[in-house]
Amino acid sequence: MSLKITRRPAGAECAAILAELPEWFGLPESNAAYAEAAEREQAWVAEADGRALGLMVLTDTGFSALDVHLLAVRPNLHRQGVGKALIAQARAVARELGKPNLTVKTRGPSLPYEPYERTRAFYEAVGFEALEELIEVWGPENPCLVMIMRVPEASGAR
């Protein structure tokens with residue numbers, strides 16, 4: 032598979048991919064907000080043969096981190112390197128911006144749910160570490176785990 036990653040507005044691709052991932056993205060209002068973010072924020076689309084395979088939305092926190100606001104890969108392509116390639120792109124963007132850290136938020140381990148156990152394992156495998164779990168972000172029914180990754184060669188925020 033020849034993977035190409037490009038930056039472009041990606042609301043339609045976002046909506047289509049999230050629709051295939053109801054175990055992770057099952058709230059229509061949240062999915063609509065993600066699709067809007069994919070139009071206005073820095074969206075990166077991983078594609079092959081003209082088909083979107085996955086996407087990532089990055090947001091600049093204004094501080095020392097670039098946040099992976101959304102990472103989604105079509106379910107039949109999990110464990111095929113698409114997510115890993117998108118995270119490599121996020122590291123490159125963080126370096127360009129002089130951001131020494133990447134952050135991501137995902138469901139925390141205090142409320143077990145198998146799909147998110149796989150998500151956390153992926154993030155750990157690509158270099159993220161758990162920083163803290165918060166219930167104030169999404170509520171006690173959906174604990175938020177903040178994860179962080181140090182970005183090598185980033186020279187500090189510009």
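Heads up: the sequence shown runs through residues 32 to 189, numbered per the numbering used here.
No residue lacks a Cβ here, since even glycine has one placed at the ideal position from N, Cα and C.
Legend entry - Bridge partner(s) assigned by DSSP for Gly85: Looking up residue 85 in the sequence shown gives position 54. Per DSSP, Ala77 and Val104.
Inset, instruction - Provide the residue(s) that pair with Asn132 in DSSP beta bridges, ordered along the chain. - result: Reading the sequence shown from its first residue, position 101 is the one you call residue 132. According to DSSP, Asn132 bridges with Ala96 and Arg181.
Legend entry - Those residues which DSSP pairs with Cys175 across a bridge: Reading the sequence shown from its first residue, position 144 is the one you call residue 175. Partner(s): Arg138 and Leu165.
Inset, instruction - Report the rounded CA-to-CA distance for Thr37 versus Glu145, giving the unit in angstroms. - result: Here residue 37 is taken as the residue at index 6 of the sequence shown, counted from 1. Here residue 145 is taken as the residue at index 114 of the sequence shown, counted from 1. Rounded to whole angstroms, Thr37 to Glu145 spans 31 Å at the Cα level.
Inset, instruction - Compare the C-alpha of Phe56 against each of Gly170, Ser33 and Pro106 and name the closest. - result: Locating residue 56 in the sequence shown gives position 25, counting from the first residue. Cα-wise, what sits closest to Phe56 is Pro106.
Inset, instruction - Would you tell me roughly how many angstroms separate the C-alpha atoms of Glu148 and Pro140, rounded to the nearest one? - result: The residue you call residue 148 lines up with position 117 of the sequence shown. The residue you call residue 140 lines up with position 109 of the sequence shown. The straight-line gap from Cα to Cα measures roughly 7 Å.
Legend entry - Whether Cys175 touches Lys136 by CB criterion (7 Å): Taking the sequence shown and counting its residues from 1, the one referred to as residue 175 is at position 144. Taking the sequence shown and counting its residues from 1, the one referred to as residue 136 is at position 105. The answer is yes: Cβ separation under 7 Å.
Inset, instruction - Compute the beta-carbon to beta-carbon distance between Leu128 and Asp91, rounded to the nearest angstrom, for a pair I have assumed lies under 8 Å. - result: If you number the sequence shown from 1, residue 128 lands on position 97. If you number the sequence shown from 1, residue 91 lands on position 60. Contact flag correct, Cβ pair sits at about 7 Å.
Legend entry - Cβ of Leu89 within 7 Å of any chain C Cβ: Within the model displayed, chain C is absent; a lone protein chain is all it includes.
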